[in-house]
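Residue numbers for the sequence shown follow full-length UniProt numbering, beginning at 1 and rising by one.
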Amino acid sequence: MRPGKVLIETDDIKQRVSELGEEISRNYHHEKPVLVTVLKGGVIFVSDLIRELSIPVELDFVSVSSYKKREKAGPAKIVQNLSGSVAGKHVIVVENIVDTGSTLNRILQELKDRGAASVEVCCLLDKKCKRKVDVDIRYRGFIIQDNFVVGYGLDYNQRFRNLPHIALLE
1 MRPGKVLIET
11 DDIKQRVSEL
21 GEEISRNYHH
31 EKPVLVTVLK
41 GGVIFVSDLI
51 RELSIPVELD
61 FVSVSSYKKR
71 EKAGPAKIVQ
81 NLSGSVAGKH
91 VIVVENIVDT
101 GSTLNRILQE
111 LKDRGAASVE
121 VCCLLDKKCK
131 RKVDVDIRYR
141 GFIIQDNFVV
151 GYGLDYNQRF
161 RNLPHIALLE
């Protein structure tokens with residue numbers, strides 16, 4: 001397996017991340033939201049996004065396991081939980097890709113159970129065609145079709161995360 005056709009160019013990603021940062025900054029100008037990033041794939045996205053924000057934020061991470069190579073391995077399990085409290089805080093989950101919505105739904109429920117004042121989602125890639133669980137995505141980078149993609153934090157068997165663009169896996 002190797003990266004193939006480039007689906008989203010580096011400059012297009014940069015532009016969209018900048019737009020998302022501006023939108024989040026406008027909507028949270030009186031708040032200090034907590035950005036909860038899903039490891040490992042979301043690290044590059046949140047690193048770029050946070051630099052586009054003009055507001056103060058807190059940053060936390062969660063690690064969820066549900067994939068083995070290219071296939072879903074089963075229900076999402078949180079394997080690394082938050083380091084801080086989200087009780088009474090406004091939370092934005094920063095996710096690199098949303099497909100079925102199951103993993104994201106599990107995270108959203110956990111944050112609500114922990115008393116977050118509000119929980120919203122910012123994702124780079126949305127595979128709406130794969131949705132099995134209805135999740136509300138307020139901030140969306142790109143809608144893509146049902147293809148396995150790599151780059152910009154997305155991997156295949158821990159490879160290709162470092163690509164500066166999003167490519168189809170061949």
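Cβ atoms here follow ideal geometry from the backbone N, Cα and C, with glycine treated the same way. The structure displayed is predicted, hence computed values, not measured ones.
Asparagine 96: member of the beta strand (DSSP E) spanning 90 to 98, first to last residue. Under the criterion of beta carbons closer than 8 Å, valine 93 and glutamate 58 do not qualify as touching, at roughly 13 Å.
Comparing alpha-carbon positions, the option among Lys128, Asp155, Leu104, Leu108 lying closest to valine 119 turns out to be Leu108. In the three-state reduction of the DSSP assignment, glutamate 52 falls in the coil class, being assigned neither a helical nor a strand state. If you look at lysine 5, you'll find it isn't in any alpha helix (DSSP H); it sits in the beta strand (DSSP E) that goes 3 to 8. Between the beta-carbon of valine 6 and that of alanine 167 there is about 5 Å, and that keeps the pair under the 8 Å contact cut.
Under the 10 Å beta carbon count, glycine 84 is surrounded by fewer than 16 other beta carbons and is classified as exposed. Contact between asparagine 96 and glycine 41 holds: CB atoms are separated by about 4 Å, below the 8 Å threshold.
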